[in-house]
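Okay, so here's the structure we're looking at.
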Ligand code: GBH
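Residue numbers (mature numbering (1 follows the signal peptide of the UniProt record, and there is no 0)): 9 to 497.
Printed below as a string of structure tokens:
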């Protein structure tokens, strides 16, 4: 097997950032305590039929109370960075500055940040990981309405002002593609709008790009010289290959997939400020069919969005094989013009969309370097799921293999391709609320017992493995971790 020789031993560059990630709704619980406002995910998970088994984030990992234990887990791992998100409605209960600040919510994040710093852990803060204040959904129609960009901007400014003395790494949004697609196209995520015309998801994305740029510019002009931090965005980027590389239709279908799944947000921000052609064509088509207003960028918008990030945040999990499907361009939309599959030899996680294809990450990183001006790249998520089974999966070999091989592709991307990868972040620190799948899919380095009111956390085998990688800054010759790699390989 030729891939077997392919493992690259070595150390990551000095100062390489090793991190793990979580998100507010997925771990905090405390959904209605101490003045927190309702979010669209509270509403969605409380609506019967939306989340598997009727699971909710009401308590989740109870990190609202147990953040001290979370920090202890990180200390045990030897982590120096932690990515988490702020719950907007915990800070502005009705979403607006005018509606008032919830000081108890601010205090919670102050305590968490101070606890991290006291333990030598640098916070990396996501401003929006999908829990929009429900009030903004009701007053404005959420991301469909460009007016909420202003409210997001007020919230981001407040966060820079309040936490920016200690927080130096910011992500404006987590995966616009996922929440615009899930929330406004398939309806599988909050607020649950199903609109296959794609108009709603395009409107969502448009508002998000404007909001993102507003936040970045305010940081750039008002806070950067005082606080000296960096502001980026975490994009969910898939890699894809044509089923038959010699079939032009499959090659073209793959390009369409990448235009939607990679470039819809990446090209406006990191490229030339334009939407990729299939997004532009879809907007044109909707415009002429429905006499739509909006969804266009003025030259001013474009120049404000272009370049509005200090680093490129990448959430990457998997690779697809793409085959073309013939469609009737009059009646069908582009999303029906391709089929995404996998190869039979790719191991599958518990999540039905997640296959282990480590080389996909290396190709993606090279693609980013070549097409988006060789930016600094922070891998802001990467991870593997197990099922909610008894006995629990503590010897999580699948996850260990996934991390070992994906992290090795990062090393190759740095050493062989010269990609400026600065950070690697494992999703997730611990098992948590996996959106529409509830607690049926577990992504954690730590096992969480969700039937115990104390929500005890226990390290899995992967936690030990990841901490060895961190301690060695990679896989150096002669180290314990390299012996483990040799055994697994
Ligand atoms: C990330 O999304 C999220 O940022 C994080 O919150 C989440 O917990 C983690 O990944 C694990 O899922 O059901 O076939 O339609 C990853 C990107 C996009 C992957 C939506 C799942 C739904 C596929 N996700 N996608 S499907």
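We put the beta carbon where it would ideally sit given N, CA and C, even for glycine. Values in this document were obtained by computation on a predicted structure and should not be read as measured data.
Using the Cα positions of residue i and residue j, report the straight-line distance between them to the nearest angstrom.
| i | j | result |
| --- | --- | --- |
| residue 373 | residue 211 | 28 angstroms |
| residue 252 | residue 491 | 38 angstroms |
| residue 346 | residue 337 | 13 angstroms |
| residue 9 | residue 354 | Only weak support is given to the placement of residue 9: the predicted model assigns it a pLDDT of 36, under 50, and the question is left unresolved by the model. |
| residue 325 | residue 361 | 9 angstroms |
| residue 292 | residue 34 | 37 angstroms |
| residue 19 | residue 482 | 5 angstroms |
| residue 275 | residue 464 | 43 angstroms |
| residue 321 | residue 278 | 11 angstroms |
| residue 451 | residue 440 | 7 angstroms |
| residue 263 | residue 60 | 33 angstroms |
| residue 519 | residue 89 | The shown model of the chain, from 9 to 497, leaves out residue 519, and the question about it has no answer. |
| residue 436 | residue 298 | 43 angstroms |
| residue 244 | residue 273 | 9 angstroms |
| residue 44 | residue 265 | 39 angstroms |
| residue 447 | residue 474 | 23 angstroms |
| residue 185 | residue 150 | 15 angstroms |
| residue 460 | residue 69 | 10 angstroms |
| residue 267 | residue 42 | 43 angstroms |
| residue 46 | residue 52 | 10 angstroms |
| residue 344 | residue 303 | 22 angstroms |
| residue 311 | residue 57 | 43 angstroms |
| residue 261 | residue 301 | 29 angstroms |
Could you check if residue i is buried or exposed, using at least 16 other CB atoms within 10 Å of its CB as the buried criterion?
| i | result |
| --- | --- |
| residue 486 | exposed |
| residue 39 | buried |
| residue 5 | It is not possible to answer for residue 5, since the shown part of the chain is limited to 9 through 497. |
| residue 397 | exposed |
| residue 214 | buried |
| residue 333 | exposed |
| residue 11 | For residue 11, the predicted structure reports a pLDDT of 44, less than 50, and the residue's modelled location is therefore unreliable. The matter cannot be settled from this model. |
| residue 445 | buried |
| residue 476 | buried |
| residue 255 | exposed |
| residue 462 | exposed |
Nearest CA to the CA of residue i: which residue from the options?
| i | options | result |
| --- | --- | --- |
| residue 221 | 318, 51, 77 and 209 | 318 |
| residue 121 | 302, 421, 75 and 417 | 75 |
| residue 216 | 232, 174, 155 and 239 | 155 |
| residue 161 | 45, 224, 273 and 450 | 224 |
| residue 314 | 344, 356 and 271 | 271 |
| residue 405 | 32, 267 and 453 | 453 |
| residue 55 | 481, 198 and 332 | 198 |
| residue 363 | 478, 247, 441 and 90 | 247 |
| residue 23 | 480, 489 and 488 | 480 |
| residue 238 | 400, 196 and 173 | 173 |
| residue 86 | 124, 448 and 388 | 124 |
| residue 359 | 218, 436, 394 and 334 | 394 |
| residue 438 | 49, 59, 48 and 92 | 92 |
| residue 349 | 290, 175, 47 and 249 | 249 |
| residue 82 | 341, 243, 131 and 70 | 131 |
| residue 193 | 341, 30, 96 and 97 | 341 |
| residue 219 | 473, 37, 298 and 241 | 241 |
| residue 182 | 45, 137, 148 and 16 | 137 |
| residue 357 | 116, 392, 78 and 48 | 392 |
| residue 455 | 475, 467 and 411 | 467 |
| residue 135 | 126, 95, 70 and 316 | 95 |
| residue 28 | 484, 66 and 478 | 478 |
| residue 382 | 426, 148 and 50 | 426 |
| residue 36 | 58, 57 and 97 | 97 |
| residue 457 | 67, 79, 290 and 139 | 67 |
| residue 72 | 305, 442, 31 and 116 | 116 |
| residue 339 | 294, 352 and 236 | 294 |
| residue 407 | 52, 233 and 449 | 449 |
| residue 7 | 301, 469, 235 and 152 | Nothing can be reported for residue 7, as the shown portion of the chain is limited to 9 through 497. |
| residue 65 | 316, 402 and 443 | 443 |
| residue 119 | 269, 79, 296 and 328 | 79 |
| residue 287 | 301, 472 and 269 | 269 |
Contact check, residue i vs residue j under 8 angstroms by CB: the rounded distance?
| i | j | result |
| --- | --- | --- |
| residue 433 | residue 379 | The pair is not a contact, with the Cβ atoms about 22 angstroms apart (cut-off 8 angstroms). |
| residue 431 | residue 375 | Between residue 375 and residue 431 the Cβ distance is about 18 angstroms, and since that is not below 8 angstroms, they are no contact. |
| residue 177 | residue 133 | 7 angstroms |
| residue 330 | residue 258 | 6 angstroms |
| residue 139 | residue 48 | 7 angstroms |
| residue 388 | residue 179 | 7 angstroms |
Would you say the beta carbon of residue i is closer than 7 angstroms to some non-hydrogen atom of ligand 3?
| i | result |
| --- | --- |
| residue 34 | This structure lacks ligand 3; its bound ligands are ligand 1. |
Meets three-Cβ-pair contact criterion under 8 angstroms: the region 486-496 and the region 111-129: no
The region 359-369 in contact with the region 413-428 per 3-pair CB rule at 8 angstroms: yes
Inter-stretch contact at 8 angstroms, needing at least 3 Cβ pairs: the region 194-210 / the region 225-239: no
The region 195-204 / the region 163-183 touching (three or more Cβ pairs under 8 angstroms): no
At least 3 beta-carbon pairs within less than 8 angstroms: the region 93-108 vs the region 124-144: yes
Any 3 or more C-beta pairs closer than 8 angstroms across the region 177-193 and the region 274-292: no
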